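Going letter by letter, the sequence shown gives residues 1 to 298 in my numbering.
Backbone N, C-alpha and C fix where the C-beta goes; we use that ideal spot for every residue, glycine too.
Being a predicted model, the structure only gives us computed values, none of them experimental.
Okay, structure first, notes after.
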Amino acid sequence: MLDMMSLAIFELVVTNGSFTQAAAHGYLTPPAVKRRIEELEKQIGVTLFLRTAQGVQLTAAGKLLHQQAPALINHSESLLKQVQHYTGSQAKVIRIGTSTLNPASRQSALWAEVSRQLPDYRFQFIPLETLNMGFPMLYQHLGEQVDLLVGPSGFQQTPSHIHFYQLATAKLTLTMCQTDALARQAVIQPDDLVGTKLALIPQYESNAIDQVYDYLAQAQIKFTAMAADAHYTIETFNRDILPNQPLLTLDCWPAILPGTVTRPLNLPVSIPYGIMAPLKLTPAMVKLTNVVQQIIDN
Numbered sequence: 001m002l003d004m005m006s007l008a009i010f011e012l013v014v015t016n017g018s019f020t021q022a023a024a025h026g027y028l029t030p031p032a033v034k035r036r037i038e039e040l041e042k043q044i045g046v047t048l049f050l051r052t053a054q055g056v057q058l059t060a061a062g063k064l065l066h067q068q069a070p071a072l073i074n075h076s077e078s079l080l081k082q083v084q085h086y087t088g089s090q091a092k093v094i095r096i097g098t099s100t101l102n103p104a105s106r107q108s109a110l111w112a113e114v115s116r117q118l119p120d121y122r123f124q125f126i127p128l129e130t131l132n133m134g135f136p137m138l139y140q141h142l143g144e145q146v147d148l149l150v151g152p153s154g155f156q157q158t159p160s161h162i163h164f165y166q167l168a169t170a171k172l173t174l175t176m177c178q179t180d181a182l183a184r185q186a187v188i189q190p191d192d193l194v195g196t197k198l199a200l201i202p203q204y205e206s207n208a209i210d211q212v213y214d215y216l217a218q219a220q221i222k223f224t225a226m227a228a229d230a231h232y233t234i235e236t237f238n239r240d241i242l243p244n245q246p247l248l249t250l251d252c253w254p255a256i257l258p259g260t261v262t263r264p265l266n267l268p269v270s271i272p273y274g275i276m277a278p279l280k281l282t283p284a285m286v287k288l289t290n291v292v293q294q295i296i297d298n
């Protein structure tokens with residue numbers, strides 16, 4: 001039986017022409033894409049791509065699979081939704097994606113109250129690292145391997161078909177090496193950024209971060225913007241926090257890496273933080289999200 005997620009990644013490689021570009025557009029790592037394609041080729045017993053220095057090319061078998069793949073993926077999703085609707089199921093097991101940057105455990109009081117009101121529901125916490133799938137692809141497939149995510153919202157790449165239930169707002173911080181001069185300050189002021197290198201999401205990727213660019217431009221704060229990932233992972237922290245190059249972060253991510261410090265950034269910008277769910281909800285998810293919304297409203 002074909003694995004639909006591997007098939008979706010196969011289509012991503014076809015569209016982008018290389019494992020590296022597919023990984024970048026799917027917010028995966030190149031090794032994860034390569035592994036998925038190799039597993040798919042092993043599963044069906046044929047070579048799908050010819051590897052070249054310029055990228056990859058479809059074999060005859062790959063071209064045939066590419067012709068049918070979109071229909072297979074759509075049929076699989078449609079069938080799954082029909083079965084879930086018919087049975088009223090998902091077995092009332094709610095799968096919550098969790099990671100260092102999406103720590104569902106911080107909402108323990110919320111989950112406890114939901115469990116009190118819905119005693120026949122059970123939460124299953126899924127480590128996002130095990131899915132071999134990152135953002136924004138995870139948003140696009142929300143409801144397949146995980147039902148809910150917890151984290152910041154407001155990114156332009158977040159599909160409009162996702163429900164968002166706001167729990168709070170996250171404030172801006174800077175995470176930096178302990179030896180940086182700015183690390184000695186309790187709070188970072190906008191003027192402190194003059195002449196610095198600052199790693200942050202590029203413009204036009206996030207409405208909220210665009211407000212940071214606009215505020216600093218209006219205040220005539222000149223700094224050098226170093227492009228960070230549109231969706232942070234641990235690798236973002238490993239790669240982009242350099243001596244005298246802090247990373248723009250959020251106060252919902254404290255103590256991510258040893259050897260770094262995080263300081264508040266005094267800018268009038270905040271990021272919505274909450275629960276994300278697919279727009280097309282199963283009956284079990286409708287009941288759960290209604291309870292979540294009631295808890296938030298009260």
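By the neighbour-count definition (other C-beta atoms within 10 Å, threshold 16), T196 is a buried residue. Within a 10 Å sphere around the beta-carbon of T179 sit fewer than 16 other beta-carbons, which makes this residue exposed.
Rounded to the nearest whole angstrom, the CA to CA distance from N16 to L279 is 28 Å. Per DSSP, the unbroken beta strand (DSSP E) holding Q124 starts and ends at R122 to P127.
Look at the beta carbons and you see the segment 216-226 not touching the segment 139-148: under three pairs across the two are nearer than 8 Å. By the Cβ test, the segment 132-139 is not in contact with the segment 250-259, since fewer than three Cβ pairs between them sit closer than 8 Å. Under the three-state reduction of DSSP output, H141 falls in the coil class, being neither helix nor strand. For the options I296, L172 and S105, the alpha carbon positioned closest to that of S270 is the one of L172. Annotation: the continuous alpha helix (DSSP H) that includes I295 extends over P283 to D297. L279 carries a coil assignment under DSSP once its states are collapsed to helix, strand and coil.
Shortest Cα-Cα distance from L58 to any of L288, I275, Q218 and F10 involves F10. Q294 and L131 have their alpha carbons spaced roughly 31 Å apart. In the three-state DSSP reduction, T196 falls in the coil class, being neither helix nor strand. Annotation: the continuous beta strand (DSSP E) that includes P152 extends over L149 to P152. Going by beta carbons, L265 and I188 fall inside the 7 Å limit. Contact check for I234 and M176: beta-carbon distance about 16 Å, past the 8 Å limit, so the pair fails to qualify. Taken through DSSP and simplified to helix, strand or coil, A170 comes out as strand.
For T15, the enclosing alpha helix (DSSP H) stretches over residues M4 to N16. Q166 places its beta carbon less than 7 Å from that of G274.
Secondary structure note for P30: its alpha helix (DSSP H) is the uninterrupted segment P30 to I44.
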